[in-house]
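Worksheet: one structure, shown below.
Protein chains: 2
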Amino acid sequence: MQSLQQKAAEWSGVASADAFSIDETNLFHRLGLQTFVDLSTAFYDSFGDGRVFADEQLWFRSIFGESKKEDAIQNQYEFFVQRMGGPPLYSQRKGHPALIGRHRPYPVTHQAAERWLHHMEQALDATPGIDPDSRIKMMNFFRHTAFFLVAGDKLKNPAD
Amino acid sequence: MQSLQQKAAEWSGVASADAFSIDETNLFHRLGLQTFVDLSTAFYDSFGDGRVFADEQLWFRSIFGESKKEDAIQNQYEFFVQRMGGPPLYSQRKGHPALIGRHRPYPVTHQAAERWLHHMEQALDATPGIDPDSRIKMMNFFRHTAFFLVAGDKLKNPAD
């Protein structure tokens, strides 16, 4: 059986080594806390105009329907900061990231992964201060991780 | 509803702040790679006599029945090294730890958590070079994390 990691690489088209090249450079030291706050704010809210929380596609928007926007933003940037070389803000507040377990309530399909990535690319474009090398590293990480979660989602229905 | 983190704290008796005090000290730098290899070897194998893999209690031993001992040892010490301040050995090889997702095939009950912790205490005693302060920090982390996984296990049967 293919591992979660192998499925993530195959489905995302991003090799594991490229996805985890974020570990070769400390992106938190390079970009700083505010850049991560700005990125997650752009992702969820597009600085007040809504983005994910105002997605024109109801099926995607409804995945976030039970969440508070401020909580979603904080959860995301604290995880990114922790995972990309900064202080363990996420674990201090919420414990282990447990990415698959915490995404269990949501239908993380291929289509949902692509929609998430679409919004994240827009958010990266809207966030000043993210240099091209950091952008590539982050997108590889996001793309691989999104499909890692698709692979994790399928554990719920092993017969599919 | 209680969060995973709240359940972990309540059931383990270890407050989250104590569990994640491993982030205040770099235990990898303090203890070194070989200590982590020794610990996981002691945990699974007791240096050749078997421990987890030769547990007198079949119900517990059988949880590991499908795993190769060498893989189990490597998976564990690479995760510990990565989580306790060392290089991201686990993610480079296997991707996100995804603790709840990866434990999904196993019955992580309260009883299993206590049995795991029993073996881990014995393994800590059998591993030279772990000073008392490190031992306390690690046991708090292990105990809290074991019950975090019990909480994660219950997501499989939310009606329980």
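Residue numbers (the numbering used here), protein chains in the order written: chain W, 292 to 451; chain D, 292 to 451.
Built from N, CA and C at the ideal position, the CB exists for glycine as well.
Continuous alpha helix (DSSP H) stretch holding residue i: start and end
{"i": "H401/D", "result": "401-417"}
{"i": "G443/W", "result": "423-444"}
{"i": "Y397/W", "result": "No alpha helix (DSSP H) contains Y397/W, which DSSP labels as neither H nor E."}
{"i": "R384/D", "result": "380-385"}
{"i": "Q293/W", "result": "Run containing Q293/W: none; DSSP gives neither H nor E here."}
{"i": "D336/D", "result": "324-336"}
{"i": "I364/W", "result": "360-374"}
{"i": "F351/W", "result": "349-352"}
{"i": "S312/W", "result": "Element bounds for S312/W: n/a, residue is neither H nor E."}
Whole-Å CB distance - residue i paired with residue j, under 8 Å assumed
{"i": "F438/D", "j": "A299/D", "result": "5 Å"}
{"i": "L318/D", "j": "M375/D", "result": "4 Å"}
{"i": "G392/D", "j": "G443/W", "result": "5 Å"}
{"i": "Q293/D", "j": "K385/W", "result": "Actually they are not in contact, since the Cβ atoms of Q293/D and K385/W sit about 13 Å apart, beyond 8 Å."}
{"i": "A403/D", "j": "R342/D", "result": "Wrong, their Cβ atoms sit about 15 Å apart, outside the cutoff."}
{"i": "F311/D", "j": "S382/W", "result": "5 Å"}
{"i": "F433/D", "j": "M411/D", "result": "5 Å"}
{"i": "K360/W", "j": "F344/W", "result": "5 Å"}
Member of the options whose CA lies at the smallest distance from the CA of residue i
{"i": "D336/D", "options": "F311/D, A403/D, A363/D", "result": "A363/D"}
{"i": "L440/D", "options": "V372/W, R342/W, P388/W, M411/W", "result": "P388/W"}
{"i": "R352/D", "options": "R384/D, A310/D, E301/D, W407/D", "result": "W407/D"}
{"i": "D314/D", "options": "P378/W, P396/W, R426/W, G323/W", "result": "P378/W"}
{"i": "H401/W", "options": "S382/W, H435/W, F327/W, T316/W", "result": "H435/W"}
{"i": "S331/W", "options": "N366/W, E347/W, L349/W, G356/W", "result": "N366/W"}
{"i": "D416/W", "options": "A306/W, T326/W, S312/W", "result": "T326/W"}
{"i": "H409/W", "options": "E347/W, S382/W, R395/W", "result": "E347/W"}
{"i": "Y397/D", "options": "T316/D, F355/D, W302/D, F311/D", "result": "F355/D"}
{"i": "N448/W", "options": "G304/W, F371/W, V372/W, R395/W", "result": "R395/W"}
{"i": "S350/W", "options": "L380/W, V399/W, E369/W", "result": "Here residue 350/W turns out to be Trp, not Ser, going by the sequence shown. Comparing Cα positions, the closest option is V399/W."}
{"i": "G368/W", "options": "L380/W, K359/W, S358/W", "result": "Rather than Gly, the amino acid found at residue 368/W in this sequence is Tyr. Checked all of L380/W, K359/W, S358/W; the closest Cα to Y368/W is L380/W."}
{"i": "V328/D", "options": "K359/D, F344/D, G304/D, V372/D", "result": "V372/D"}
{"i": "G420/W", "options": "R321/W, L390/W, S303/W", "result": "R321/W"}
{"i": "G304/W", "options": "L390/W, S358/W, E405/W, E357/W", "result": "E405/W"}
{"i": "F425/W", "options": "A306/W, T316/W, E357/W, E301/W", "result": "According to the sequence provided, residue 425/W is Ser. The question's Phe does not apply to it. Closest option to S425/W, Cα to Cα, is T316/W."}
Cβ of residue i within 8 Å of any chain W Cβ
{"i": "D309/D", "result": "no"}
{"i": "T436/D", "result": "yes"}
{"i": "R321/D", "result": "no"}
{"i": "R395/D", "result": "yes"}
Within-8 Å CB hit, residue i to chain D
{"i": "F439/W", "result": "yes"}
{"i": "D314/W", "result": "yes"}
{"i": "G443/W", "result": "yes"}
{"i": "L330/W", "result": "no"}
{"i": "L446/W", "result": "yes"}
{"i": "L295/W", "result": "yes"}
Near-chain D residues of the stretch 376-391 of chain W (beta-carbon distance less than 7 Å), N- to C-terminal order: P379, S382, Q383, K385, G386, H387, A389, L390, I391
What residues in the stretch 297-308 of chain D bring their beta carbon closer than 7 Å to a beta carbon of chain W? A299, S307
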